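Q: In UniProt numbering, the protein residues as written are 1 to 501.
C-beta atoms are modelled at their ideal positions from N, C-alpha and C, and glycine is treated no differently.
Remember, it's a predicted structure, so these values are computed and weren't measured experimentally.
Below, the structure written as structure tokens:
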């Protein structure tokens, strides 16, 4: 009996119980028994008093005798069920005539027990009533949340309380090959085992469980790898929503994006590959996930090396183009630079788009077409690289001979410089050592820096070549260049503001 009482106590919570019995001794014994598990027990000695107390306290469980003075049990039950059809009614009666049983069934009685009821039988009836109440509450909770997850009807959707799944949709059952949650719990006793380890994905570790991470970050999107009933690993994007006014309850939605073949991009060895670099279809599908979850994108641009970052929302997605809404300054820089970089917690890499179809200042939107995954993250830039003022000068010495062609600094940092030249000297290749000298204007004062450098990369673009050279400056020259870059950054900020943005 102890186990039965513990099971009942676990479910009682703030649920109250009304016991109606004209026998004072039975009332006392029942109060003593149920007082061990219920905090709220209401007693009444006849049907009339019982109905008054029902209206006053609105208990969710009613246990009643049938033959009582003033108002009998059936009349009481009829009134109670009219007022609250969800109330669970348990009859305790010394009579077992079929007429009484049929009447009880017609009234929607939850359980009919014959006096004297055995304690285990009574406790089982009460436990079943409590379980039915909780199941009904969970179904109501689930139904109330459906309006907030209309975009997830094709997703795996379930409700979770603490560490336990309590409700699921049909897609969940199909994915795991189970009939219901009871069948699921038998097949998968440890939910944490479902989340497979994968770099940058969500899964349980010895120090942190997956559900703790999810509960601490409601609304965040997580990549997960989970096996279905066919033992196939699927790539699912998870989002959790806390249920308002119901502590510990969450609605989970899993969006299956396996067909995009993106899991390898999260592997450190595979991120160097560009096999999906031009896969606009994959990026567009990921953007639909972002849109369905009402999440934001981050738009990154550079104005002469100055970083410009703002949030954007997706206004429209088709197979051929995406419309993004963003602040006016970001639109202006896109109009000037003719490209943009996009980042999101959903994307395995940043996305670059040079296919700018339209910039609409009136609607504060930009329409973009083809996109590709970036080979380098926008956040990976360790040093600021800025475009110098127009009146700078740059000289290259190759094999101690001055290069006589046209030279121009494209951008410069503490460790490198990108120089545009109109011709490539014979024999100059990656790894070639050069001496470079450049003059820069620091607040009206000319600073001159001469240093040895090494050619890191050579690019060709139409009539020009671009040399990216690396160097290590002396302490004095490095100090001068840092001052220049700080001053130049402030000048570019002022210049950007004067563009009308």
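Contact between the stretch 436-446 and the stretch 386-397 is defined here as three or more beta-carbon pairs at a separation below 8 angstroms; is this criterion met?
A: In short, these stretches touch, since the Cβ pair count reaches three.
Q: Count the other C-beta atoms from every protein chain shown that fall within 10 angstroms of the C-beta of residue 65, then say buried if there are 16 or more, exposed otherwise.
A: When all chains shown are included, residue 65 counts as buried.
Q: Which of helix, strand or coil does DSSP assign to residue 294?
A: Three-state result, residue 294: coil.
Q: Would you grab the beta carbon distance between residue 321 and residue 258 for me? Rounded to a whole angstrom, and I think it's under 8 angstroms.
A: Rounded, the Cβ-Cβ distance is 25 angstroms, inconsistent with contact.
Q: Tell me which residue opens and which closes the beta strand (DSSP E) that residue 385 is part of.
A: Where residue 385 is concerned, there is no enclosing beta strand (DSSP E), given that its DSSP letter is neither H nor E.
Q: Answer yes if the stretch 180-188 comes into contact with the stretch 121-137, meaning at least three C-beta pairs across the two stretches below 8 angstroms, and no otherwise.
A: With a cut-off of 8 angstroms, the stretch 180-188 and the stretch 121-137 do not count as touching, because too few Cβ pairs lie within range.
Q: Quick one: Cα of residue 273 to Cα of residue 15, how far?
A: Residue placement at residue 273 is flagged as unreliable, the pLDDT there being 41, under the threshold of 50; the coordinate-derived value follows with that caveat. Straight-line Cα distance between these residues: approximately 59 angstroms.
Q: Restricting to runs no shorter than 3 residues, where is the beta strand (DSSP E) found entirely within the stretch 357-445?
A: Within the stretch 357-445, the complete beta strand (DSSP E) runs of at least 3 residues are 365-368, 393-398, 407-412, 416-421 and 433-442.
Q: Quick one: grab the DSSP three-state call for residue 464.
A: Reduced to three states, the DSSP call for residue 464 is strand.
Q: In angstroms with no decimal places, state the Cα-to-Cα distance between residue 356 and residue 241.
A: Answer to the nearest angstrom: the Cα atoms are 35 angstroms apart.
Q: Got a sec, what are the start and stop residues for the alpha helix (DSSP H) residue 145 sits in?
A: Start and end: 119-145.
Q: Since residue 575 is in the alpha helix (DSSP H), which residue starts that stretch and which ends it?
A: There is simply no residue 575 to check, as the chain begins at 1 and stops at 501 in what is shown.
Q: How do the stretch 405-425 and the stretch 359-366 stand: do at least 3 beta-carbon pairs fall below 8 angstroms, yes or no?
A: No: the two stretches stay apart, fewer than three of their Cβ pairs being nearer than 8 angstroms.
Q: Under the DSSP definition of a beta bridge, which residues are partnered with residue 221?
A: 239.
Q: Applying the 10 Å Cβ sphere with the 16-neighbour rule, what's the burial state of residue 376?
A: It is exposed - the Cβ of residue 376 has fewer than 16 other Cβ atoms within 10 Å.
Q: In whole angstroms, what separates the C-alpha of residue 13 from that of residue 140?
A: Whole-angstrom Cα-Cα distance: 18 angstroms.
Q: Have a look at residue 334 and residue 305 and give me their C-alpha separation to the nearest angstrom.
A: Approximately 14 angstroms between the Cα atoms of the pair.
Q: Tell me the rounded alpha-carbon separation between residue 248 and residue 329.
A: The alpha-carbon atoms of residue 248 and residue 329 are separated by roughly 42 angstroms.
Q: Using the Cβ count rule (16 or more neighbours within 10 Å means buried), how would you classify residue 235?
A: Buried, because 16 or more other Cβ atoms sit within 10 Å of the Cβ of residue 235.
Q: Taking 7 angstroms as the cut-off, is the beta-carbon of residue 168 closer than that to any non-hydrogen atom of the ligand NAP?
A: Judged by which ligands are present, the structure shown has none, so any question about the ligand NAP falls away.
Q: Kindly indicate the opening and closing residues of the alpha helix (DSSP H) around residue 477.
A: That run of the alpha helix (DSSP H) goes 475-497.
Q: Leaving out five residues on either side along the sequence, give the residues of the same chain with a beta carbon under 7 angstroms from the beta carbon of residue 204.
A: 192, 195 and 210.
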